[in-house]
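One structure below.
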Amino acid sequence: MSAKVKWIYLAAFLDLFAVSLILPSMAAHLKSLGASYFMIGMMTSIYASTQLLSGPIIGSWSDKIGRQKLFVITYLIVGCCYPLIGFINSFYIILLLRATIGIFKHGQVLIRTIVTDQIPIDNQSLLFGHLKSIAGVSFTLGPAIGGHLSELDKGFSYVACCTGFLLILNSVIGYLYLDDVQDENAASKQYKDECKKKPKSLREEISEAIRSLAEVNWRLFGQVFTLKFILDMSAGVYHSNYSIKIQERFSITPKISGYTIAFQSFVGVITGLFVAKINDKLYKTDVDYKKRNIHGFILMAIGYLGIYFATSLSVFLLWTVVLKTSHMFMRIILTDMLMRKCPSSQTGSIAGTSNSVSNFARLITPIIAGIFEDTWGTNSANFLAAVIASIGILVSLNIKNNHSKTQ
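Okay, so the sequence shown: first residue is 12 according to this note's numbering, each after it adds one.
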């Protein structure tokens, strides 16, 4: 493993670990400030909305000015916002800070583009698998540690400061170790040549990044974005109000509910480590990713149905192994599929838009899941998730290899 790859892994871990420290206690803190459940939900929606709108712009901007520069800037901004959340008692100022974080919090997008820029294409699937496993480890450790810290006197302030410190540390790592490749793409070279002639304002830079999105041939990525939306929508329906649903269904405590989440994260971690080997053994001839998508969505649909019909917690956990294995497999496959289709000069734009697709799914799934659960019971969302995954099977049957990556 090269030194650059190790720093990429560390940056990915710190990013997700830092955020997972504070997210579990955020709602309780807002509630202590007098916020209603509607106001807390509004904050979640605004964060998702700002992520949705800013993702393509941040990605396109990184194509112009380079990954490293934007990596450092965005982590500094976000790292400064989190400690402020820990000490400010105004809900509306916190809302503004969360919107600011939503605009700039695209570290995972930038990390994926760094991998695509600097790692040989044959090794990218392995790295994407490891990055997904790192995400699972982060979200297993972070909430547990953050929960303990938040129980201290002024614990939320400590958690917020820790989150900010780790994100600023990531900015330092980016500045020192995640430098851009020397062989820059044509768009970046042209941008820098123009900057030497006449310095551009921040407004001009962002406007140019937005205009460059029109240069992308979006039709080439329609199938991948559709599959990613289906994947994220089915997962969002399943995870919506997960803790409350499982506690009511199997009469378990919040502590046991937390263990089930950790167990599923662990399954995802293990799967991520073996995806590259699975590809080598079973899918060497699957150049258009058609078989992988079909098999993945079939297993996901089966997993959701198994969870829907589970009569005990142990049976439920057995089916989550099928679900989480296939879900992690599909996340890695779709990322790899997208990056292989993408020209190097537009990697940031495509990665940012992909992130916005995920955020759009996260924005609408709580509403859809809530309607189903209010109408047909809390377990009905799992059946809905199976139906959505089945749509993924139908879309996968029509996959065509109509584009190969160009430099």
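Cβ coordinates follow ideal geometry from the N, Cα and C atoms, glycine included.
Everything numeric in this text was worked out from a predicted model, so none of it was measured.
Please return the same chain residues whose Cβ sits closer than 6 Å to the Cβ of residue i, not counting the five positions on each side in sequence.
i, result
"L284", "S144"
"D128", "V192"
"T174", "A29, L32, I33, Y93"
"T346", "F139"
"R303", "Y294, D297, I344"
Would you identify the three-state DSSP class for residue i, choosing helix, strand or coil?
i, result
"N393", "helix"
"D191", "coil"
"A321", "coil"
"E162", "coil"
"C353", "coil"
"A46", "coil"
"I263", "coil"
"T174", "helix"
"K411", "coil"
"G66", "helix"
"N134", "helix"
"G247", "helix"
"Y300", "coil"
"N370", "helix"
"S401", "helix"
"G279", "helix"
"K295", "coil"
"N252", "coil"
"S71", "helix"
Take the Cβ of residue i as the centre, count every other Cβ of all protein chains shown within 10 Å, and call the residue buried at 16 or more, exposed below.
i, result
"V278", "buried"
"F49", "exposed"
"D133", "exposed"
"S323", "exposed"
"P67", "buried"
"E162", "exposed"
"V326", "exposed"
"W387", "exposed"
Leaving aside the five residues before and after residue i along the sequence, list all residues of the same chain whose C-beta is less than 8 Å from its C-beta, in chain order.
i, result
"I399", "I241, M244, S245, V248"
"R78", "L121, T124, I125, D128, L189, D191, G359"
"K100", "First, the amino acid is wrong: residue 100 is Asn here, not Lys. The residues are L44."
Residues in its own chain within less than 7 Å of residue i by CB, not counting five upstream and five downstream?
i, result
"S182", "V83, Y86, L87, G90"
"A59", "N370, R373, L374"
Which ranges would you report for the alpha helix (DSSP H) in the region 100 to 129 if only whole runs of at least 4 residues count?
Annotation note: the region 100 to 129 contains the following uninterrupted alpha helix (DSSP H) runs of length 4 or greater, listed N- to C-terminal: 102 to 115, 118 to 129.
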